[in-house]
Amino acid sequence: MRLFLAIKLSKPMKDALINAQNELYDRGVRGNYTPEENLHLTLAFIGEYPAPEPVLEALAEASFAPFALSLEGLGRFGDLWWAGMRASPPLTALARRIRHALAEGNIPFDRKRFSPHITLLRKARGELPGVEPGEAAMTVDHFSLMRSDRGKNGMIYTELGQIPAEDTHI
Ligand code: NAP
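Residue numbers (the working numbering): 930 to 1099.
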């Protein structure tokens, strides 16, 4: 199975991202827009791995406290366009702890530098206009082990497990 670790987004966060997608579309930008149910923030990409249990066991070591996350700006990696996150030391620390825990558990993962982004569309055609995703924010009190499958009409992401923050009372 193809696995990755991600933060699932709150409804207000998704609403802000969908508004940004709609604005891009209205400005003539075409491409493969990420459907609402697939909007997420990836923390680490594992890729093909036989079972979820060893990953969840390894992640028991990745403790973290709840933290706030907010959107900031749009950007692109080539024709993949994304919404960015306001600089967040706890987010960077969480990604680092997850990667450390995976390495300790001998779980393979992509070691490319962590670039927090939420993919809004792929194969984008057009120029990136000065669109802002809005002021949405959310509290991260868990992250998720996700499985990615190619469906008939695009990717299907399934949550296989949740890793909660240590203390959910902020
Ligand atoms: P995905 O490739 O399974 O990716 C799931 C999440 O992991 C996305 O957030 C993606 O980030 C991230 N990710 C993927 N590869 C990564 C890597 N090497 N390093 C760091 N992060 C990585 O699903 P997807 O992103 O929805 O699909 C992307 C493309 O992969 C599609 O064109 C699909 O056809 C193709 N693909 C899918 C499968 C499958 O079986 N699921 C197999 C082969 C190829 P981004 O959003 O930045 O991409």
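Even for Gly, the Cβ is constructed at its ideal location relative to N, Cα and C.
query                                                                                          : result
Residue range of the beta strand (DSSP E) that includes Y1086                                  : G1083 to P1093
Per-residue burial, Q950 [other beta carbons within 10 Å of its own, 16 or more giving buried] : buried
F993 beta carbon less than 7 Å from that of L970                                               : no
Contact set for G1002: own chain, Cβ-Cβ below 6 Å, skip 5 residues either direction            : G1013
Secondary structure of N1035, DSSP reduced to three states                                     : coil
Exercise answer, beta-carbon shell around the ligand NAP heavy atoms below 5 Å                 : R931, F933, T971, F974, D1039, T1048, S1077, R1079 and M1084
Three-way DSSP call (helix, strand, coil) for A1016 in this model                              : coil
V984: first and last residue of the uninterrupted alpha helix (DSSP H) it sits in              : E982 to L988
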